[in-house]
Amino acid sequence: MKALTNINARSLADAVAAASAAAARGQVFAFSGGGTDLLQQIKDGTNQADVLINLRTVREARTVSVSPTETWIGGLITLTELAEHAALSGPWAVLREAAASVGTPQIRNVATLAGNVTQRPWCWYYRNGFPCFKVGGSECFSVHGENQQHAIFGGGPSYSVHPSDLAPALVALDATFEVLGPGGLRRLSAAEFFVLPNQNPARENTLAATELLTGVRIPTPGAGVVSTYLKITDREAWTHAEVSVAVRLQMEDTRIRTASVVLGGVAPIPWRLTDVEQWLRGTALSAPVARQAGALAVAHAQPLAKNGHKVPMTSAAVERALLRLIPA
Amino acid sequence: MSEAVQPFTTIGHVTPRVDAIARVTGQARYTNDLKLPGMLYARVLRSPHPHARIRHIDTREAARLPGVRAVITHENAQVVWGAGAVAGGRQYSDAIKEITRQRRYIFNNPVRCVGDAVAAVAATDRHIAEQALALIQIDYELLPFVLEPEAALAADAPRIWPEGNLCLDVHNQAAPVVAEHGDLAAGFAAAEQVFEQRYDTGFVHNAQLEPRCALAHWQGETLTLYTPTQGIANCRHDMARDLGLEDQHVRVVCHYMGGGFGNKNQNQDADLIAAILARHTNAPVMLEYTRRDDWLGMHGRWPTVQQYTVGVKHDGTVTAIQLIGFSGMGPYRKNAGGIGGLELYACPNRSRSLSPVYTNRTTSGNFRAPSEPHGVFGIESIMDDIAYTLGMDPVAFTFKNMLRPTAEQPFTNYSLDACIQMGVEQFGWQARRNVIAGSDAGPIKRGAGFSFMMFRAALGMSSAIVQVDARQRYTLFVGVTDVGPGAKTTMGMIAAEALGVPLSQVEVVSGDTDRCPYSVGESGSRTTIMTGMAVVEAVKDLQQQIAARGMPTGDDILIASATPSPTIEGKMRQCFGAHFVEVEVDTRLGTTRIIKYVAIHESGRIINPQTARDQIRGAVIQGIGQALHEDLLYDPASGQPLTTGYYRARHLTHLDVPTIEVHFLEVDDGYGPFGAKTVGESGIILAPAAVANAIFNATGKRMTSLPITRDKLLGAMA
Amino acid sequence: MGDTSAGSSSPQEGHPTAPSHRTGLEGAGLTPAATASAMTAPSRTAISLTVNGVRHRVTVEDRWTLVGLLRDHLDLTGTKIGCDRSECGACTVLMDGKPVYACCQLAVWADGADVHTVEGLAHDGRLTPLQQAFIDHNAPQCGFCTPGQLMTATALLHTVPRPDAAQVKQALVGVLCRCSNYNAIVEAVVAAGAQQGGAA
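Sequences listed follow chains B, G and P, in order. The first sequence begins at 0 in numbering that gives the first Met the number 0 and counts up by one. The second sequence begins at 0 in numbering that gives the first Met the number 0 and counts up by one. The third sequence begins at 0 in numbering that gives the first Met the number 0 and counts up by one.
Here it is as structure tokens:
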């Protein structure tokens, strides 16, 4: 591995200061939460960091605090903690299930919420070192290449998909993203946090290099909320979603009052299906309703040459996710 | 014919491996665990281009990096890797290697695939060696490239070799490998229906957990090479030939290795590069391949295209089979490129024309039953199709058409009917199969598939030495390495049985050419039957000595050796198998799950039931991976591989595999050590075919391309 | 054998302008130390950690991985490197009781940690019930993934004393076995749990 310097951050502010100092020195730096993916990228050369700012030594941002109206989850909580957290039961299923679906126990034991949400794409062109948009280039090699795994929504000019499992779940839960940088704390809605490639094809979010995702704020789901995360993968585990669906429903008796339906793995950012959400309002959840929602989900899909299979998959996945939430 | 086996004292009983404790305590020393005083670490730089000529290579900056001890390239280390490319893909023949014209060097110019080695560095630690690689400057002239075997045969295709892209055969002739039996035209004339189908299969890596590595150490003119090899004797001979040494000046040691599955036969380029770096630094050198190095330096099962034409009568009798096949060998002909399967059928009119073709993908190597699983997938897919089209049960169709012993071609024994029949019963074939394929209403559709095989269990030459001392301690010397199947234990068990002593009284010495006699190598599923036979013969000799002279006393020992070359008198000796699998295909998500898997095998007498069972289970699971997931995908525009590594190739995990039910039908045909036959490769041969046929039975859609990934499945459903 | 070109002195096939095939290493590679480039020394950090109950104070290069520290500097080679990129699981060790991939942890991040490796399982030559079950059920084939399987299963048995097969598969999913001896590994862990749970 290339030579690098590790800096143990003592606090979030310390980490941001270390980043600013490295930036001022002209060094390439990276924050390290769990570090699993980061070290892969450094070994591959797709991340050139000279300085790693180790967040393991930060004691903050590792807890969950719940009030009747709002829940705060620290960005440095591990996925294992998230998946097993006692405060995140019942209506939180979508977040727990999403956390539990990531990688393997070994990865979840160190991986953080912030790291999962901000991980770079797993597009095989980007990860194999092609000079694509994601590294500041001016081409997406998937367009005329092997695009089986690429976006059917929101693509262009880059078509890599957002790899995070937590991100769709957090968007479905209407999370606000807390970002700490040299200028202080910012709070961003999902719409402000994630960025489509037609705005910035090099990035998946609006974090500045010296900024950290320190936590998320979520309206505490009340009575009548049900949720789930369905992840379709090419093998049973240890991989990213081909398609995933995060659903949160606010039920009123058997009817849906409000719905959030967010896709993972099919778009450059977590993909909110606002048409489906509106259509579901006021319906009584049933198998035919789920089926129709699934059909509606892909009405605007724009597959590439080799990822047409993702369209029926997405439709079926939305339907199956909703079916899970029909009361027994 | 088949005799029911009689129970023995040691053989046939579940026996823990003789080295089991070392394997579960971390004490087992694999090559990369070794350390020698003053040892250097080495790394290899590889071509980033699929086809390019090196105009200039500048290693000066790399050489100046503190800690770097040597940098070698094609300019200063021009060594032919004899086993890396051989005419006709015919390994184990010095004569053929001598006449081979299209040779692979340890560093090649031009480079002919992404991953072709271009330089190596030895340094005081591996980080420095890696850094030095990045400092090597290479000026490449990019050349046009071609990835697909059929495209490579086009008149205007880029030439990977001056002679063209059709691989040269053992006579250095560029011609397809043709095998003709009977009269094909007459066969088709006799047919009442003719079926045609094209199949293609993926590029599958052995993906053994232990990446290639080698530790080379010179003492004077003698090289000691510690390396994970499936054959210490073959590796030693290859090293000696490539380096211009006598065999006895090379010692190869391998006590533990992390799998191979066929691709660590012969010597590796890693072995040669380590030896050369060690020579020039005058220090022991540990060369380590990264996982990507291992993936791209030498790959596994060759990708194929298979065009079948089959003639049948309405009653299901096959009258003619024609296969025109193409195998992508990468830029070097390491192995045969075969497509097996036609020989499973009795049909007298058969023609196979096979073109092994150079491409600018990485090199194809041997992977567990190198020519069989992809070919059996092809032939048994079209036969399954024919059976269902004719309204026949594929099992009945098979009984009608499979190869059976004849007066002209007797077998030592024949168990295929019995294997299939046992599978039909154990699996519940009639209840699980849809009589009309795809008739399950779905959307999650169940279906069942079947396939069968026979595979050589021939005898051949190998050696063993056995000795006894005055305390009645027996020591067995066999030149085997233990790739994973448990050869040390198996050899010990055969010796113990033959000697009539408990296994605890037998010490097995293996994995070191200085201590052990020639052994055939852990390839071709030959160790148990060939080296095992040598053990039996050596023990006989020892027993005769004991009978003549009595047990040794004092410091005396008695030593016996044997190098038998047993024959089977013109008979065919085969192992047999039938697999039955039930799948569940989610036709809306494109997910295939294996619900039930029953594998029936006749592998003669089973020496160690536990390790034999797990050879089959492991092979089946690898075959399921080949059927559903594994492929090295290339970007057509750039010639870059996209799916290197375990994550990208989607290797099966604990959660992906069902329990594989294995049943052995034990017989003793009177040949081989106590009647033992082939096990290791047999289980993978028929697994992809069985899975693909089950998917057809579930969905009614014939999948003609391996791996059967979601995009292909959902494409067929659309 | 005197030089590197002993195998052949012919130009490489298919190369119309064959390179000059010098032999030996003159002009390449051998390092003149005096002209060493101005590479800065890699950053180093003093850390302490406990491995299998033994306290170590070591100065590590910041770029060393935990598995590199264990194998190269603490002589604990039982832990294997199969992929070096969290794709195979052979390098799994327990860090503060939890399985992690030691190939994707920097050693410097393990400062203060309590690490357990396969070498720490048996005591005074006495195998753990899990190790014995691995032997009895033929769980290791080539054995290269075995340390990773064992450490992951050890962590499981601490939290779930009598796991069923489904629980074992969930817990061990992060360690590949290319010999594909998954059935036997699961059988071994279930058997070890049954024995351990029965004794408890």
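C-beta: ideal position from N, C-alpha, C; glycine also. It should be emphasised that the depicted structure is a prediction, and the values quoted were computed from it without experimental measurement.
Which residues, in order along the stretch 222–242 of chain B, keep a beta-carbon less than 8 Å from a beta-carbon of chain G?
The stretch 222–242 of chain B vs chain G, Cβ under 8 Å: Ile231, Asp233, Arg234, Glu235, Ala236, Trp237, Thr238, Glu241.
Does the distance from the CB of Ala292/B to the CB of Arg587/G come in under 9 Å?
To locate residue 292/B, count along the first sequence from 1; it is residue 293. To locate residue 587/G, count along the second sequence from 1; it is residue 588. Not in contact: Ala292/B and Arg587/G (Cβ atoms no closer than 9 Å).
Ends of the beta strand (DSSP E) at Gln305/G?
Here residue 305/G corresponds to residue number 306 of the second sequence, with the count starting at 1. From DSSP, the beta strand (DSSP E) with Gln305/G extends over 303–311.
Give the range of the alpha helix (DSSP H) segment to which Gly339/G is assigned.
Working through the second sequence from its first residue, we reach residue 339/G at position 340. Looking at the DSSP string, Gly339/G is not in any alpha helix (DSSP H), and its letter there is neither H nor E.
Could you name the residues of the stretch 100–117 of chain B whose beta carbon sits closer than 7 Å to any beta carbon of chain P, in the order they occur along the chain?
Listed by position, the residues of the stretch 100–117 of chain B near chain P (Cβ gap below 7 Å) are Thr103, Pro104, Gln105, Ile106, Asn108, Val109.
Just verifying my parser: in three-state terms, what is the DSSP assignment at Cys178/P?
Locating residue 178/P in the third sequence gives position 179, counting from the first residue. Coil at Cys178/P, not helix or strand.
For Thr58/G, I'd like the list of residues in its chain whose CB is within less than 6 Å of its CB, leaving aside the five on either flank, ordered along the chain.
Your numbering for residue 58/G matches position 59 in the second sequence. So the list reads Val70, Ile135, once near-sequence residues are dropped.
Specify whether the stretch 69–76 of chain P and the stretch 76–87 of chain B touch according to this definition: at least 3 beta carbon pairs, one from each stretch, less than 8 Å apart.
Segments in contact, no.
Counting only runs of 4+ residues fully inside the stretch 180–215 of chain B, write out the alpha helix (DSSP H) ranges in chain order.
DSSP runs (the alpha helix (DSSP H)) wholly in the stretch 180–215 of chain B: 189–192.
What is the DSSP secondary structure of Pro10/P, reduced to helix, strand or coil?
Residue mapping note: residue 10/P aligns to position 11 of the third sequence, counting from 1. For Pro10/P, the pLDDT reaches just 40, beneath the cut-off of 50, and the residue's location in the model is therefore unreliable, although a value from the coordinates is still provided. Pro10/P falls in the coil class under three-state DSSP.
Using a Cβ-Cβ cut-off of less than 7 Å, list which residues of the stretch 40–51 of chain B approach chain P; keep chain order.
The stretch 40–51 of chain B vs chain P, Cβ under 7 Å: Lys42.
Check each residue of the stretch 178–191 of chain P: if its Cβ is closer than 8 Å to any Cβ of chain G, include it; give the result in chain order.
Listed in sequence order: Cys178, Ser179, Asn180, Tyr181, Asn182, Ala183, Ile184, Val185.
With distances taken between CB atoms, is the gap from Val311/G to Gln321/G smaller than 9 Å?
The residue labelled residue 311/G in the question sits at position 312 within the second sequence. The residue labelled residue 321/G in the question sits at position 322 within the second sequence. No, the Cβ-Cβ distance between Val311/G and Gln321/G is not below 9 Å.
Where does Ile10/G land, buried or exposed, given buried means 16+ other C-beta within 10 angstroms?
Walking along the second sequence from the start, residue 10/G turns up at place 11. Burial call: buried.
If you pair each beta-carbon of the stretch 12–23 of chain G with each one of the stretch 473–491 of chain G, do three or more pairs fall below 8 Å?
At 8 Å Cβ cutoff, the stretches touch.
Under the rule that 16 or more other beta-carbon atoms within 10 Å means buried, what is Arg63/G, buried or exposed?
Counting from one through the second sequence, the residue named residue 63/G turns up at place 64. So Arg63/G ends up on the buried side.
For Phe325/G, which three-state DSSP category applies?
As a first step, residue 325/G is located in the second sequence; it is residue number 326 there, counting from the start. Residue state, collapsed to three classes: strand.
Residues of chain B with CB closer than 7 Å to the CB of Lys97/P, please, in chain order.
Position 98 of the third sequence, counted from the start, is the residue given in the question as residue 97/P. What Lys97/P touches in chain B: Asn108.
Could you check what DSSP says for Lys676/G in three-state terms: helix, strand or coil?
Against the second sequence, residue 676/G aligns to sequence position 677. Correct three-state label for Lys676/G: coil.
What's the C-alpha gap between Glu162/G and Ala173/G?
Reading the second sequence from its first residue, position 163 is the one you call residue 162/G. Reading the second sequence from its first residue, position 174 is the one you call residue 173/G. If I take the Cα positions, the gap works out to 8 Å.
Would you mind stating whether Leu330/B and Ala29/B have Cβ atoms separated by less than 9 Å?
Any property of residue 330/B remains undetermined from this structure, which presents chain B solely from 0 to 327.
Quick check: what's the CA-CA separation for Leu105/P versus Gly102/B?
Position 106 of the third sequence holds residue 105/P. Position 103 of the first sequence holds residue 102/B. Cα to Cα, the separation comes out at about 19 Å.
Since His653/G and Val172/P are thought to touch, with beta carbons under 8 Å apart, how far apart are those beta carbons, to the nearest angstrom?
What you label residue 653/G is simply residue 654 of the second sequence in a count that begins at 1. What you label residue 172/P is simply residue 173 of the third sequence in a count that begins at 1. That pair is a contact at about 5 Å.
His180/G by DSSP, collapsed to three states: which one?
Working through the second sequence from its first residue, we reach residue 180/G at position 181. Of the three classes helix, strand and coil, the one that applies to His180/G here is strand, per DSSP.
Could one say the Cβ of Asp173/B lies closer than 9 Å to chain P's Cβ atoms, at least one of them?
Against the first sequence, residue 173/B aligns to sequence position 174. Closer than 9 Å: no.
Would you say Thr64/P faces chain B, with C-beta separation under 9 Å as the test?
Locating residue 64/P in the third sequence gives position 65, counting from the first residue. Yes, its Cβ sits closer than 9 Å to a Cβ of chain B.
Looking at Phe695/G and Gly437/G, is the spacing between their C-beta atoms short of 9 Å?
The count along the second sequence starts at 1 and reaches residue 437/G at position 438. The count along the second sequence starts at 1 and reaches residue 695/G at position 696. Cβ distance < 9 Å, so Gly437/G and Phe695/G count as in contact.
Of all the CB atoms in chain P, is at least one closer than 9 Å to the CB of Arg332/G?
Residue mapping note: residue 332/G aligns to position 333 of the second sequence, counting from 1. It does not: the Cβ of Arg332/G has no partner Cβ on chain P nearer than 9 Å.
Arg21/P to Ala273/G, Cα distance in whole Å?
For the purposes of this step, residue 21/P is identified with residue 22 of the third sequence, where counting begins at 1. For the purposes of this step, residue 273/G is identified with residue 274 of the second sequence, where counting begins at 1. For Arg21/P, the predicted model reports a pLDDT of 30, less than 50, meaning its position is unreliable; a value from the coordinates is still stated below. Each residue's alpha carbon lies about 19 Å from the other.
Given this structure, state the Cα-to-Cα distance separating Leu324/B from Arg247/B, to the nearest angstrom.
One-based indexing of the first sequence puts residue 324/B at position 325. One-based indexing of the first sequence puts residue 247/B at position 248. So the alpha carbons of these two residues sit roughly 9 Å apart.
Can you give me the start and stop residues for the beta strand (DSSP E) that Pro372/G sits inside?
Position 373 of the second sequence, counting from 1, holds the residue named residue 372/G. Careful: Pro372/G lies outside any beta strand (DSSP E), inside the alpha helix (DSSP H) at 372–388.
Tell me whether the beta-carbon of Gln194/P lies closer than 9 Å to the beta-carbon of Pro139/P.
Within the third sequence, the letter at position 195 stands for residue 194/P. Within the third sequence, the letter at position 140 stands for residue 139/P. In this structure, Pro139/P does not lie closer than 9 Å to Gln194/P by Cβ.
Using the beta-carbon count (16 or more within 10 Å), is Gly230/G buried or exposed?
What you label residue 230/G is simply residue 231 of the second sequence in a count that begins at 1. Buried, because 16 or more other Cβ atoms sit within 10 Å of the Cβ of Gly230/G.
Can you pull the DSSP bridge partners for Ile6/B?
For the purposes of this step, residue 6/B is taken as the residue at position 7 of the first sequence. DSSP output for Ile6/B lists Ile52/B as bridge partner(s).
Please list, in chain order, the chain P residues whose beta carbon lies closer than 7 Å to that of Thr258/G.
For the purposes of this step, residue 258/G is identified with residue 259 of the second sequence, where counting begins at 1. Here residue 258/G is Gly; the residue named in the question, Thr, does not match the sequence. Cys141, Phe143, Arg177, Cys178, listed in chain order.
In this structure, how does DSSP classify Arg572/G when only helix, strand and coil are distinguished?
Taking the second sequence and counting its residues from 1, the one referred to as residue 572/G is at position 573. Coil.
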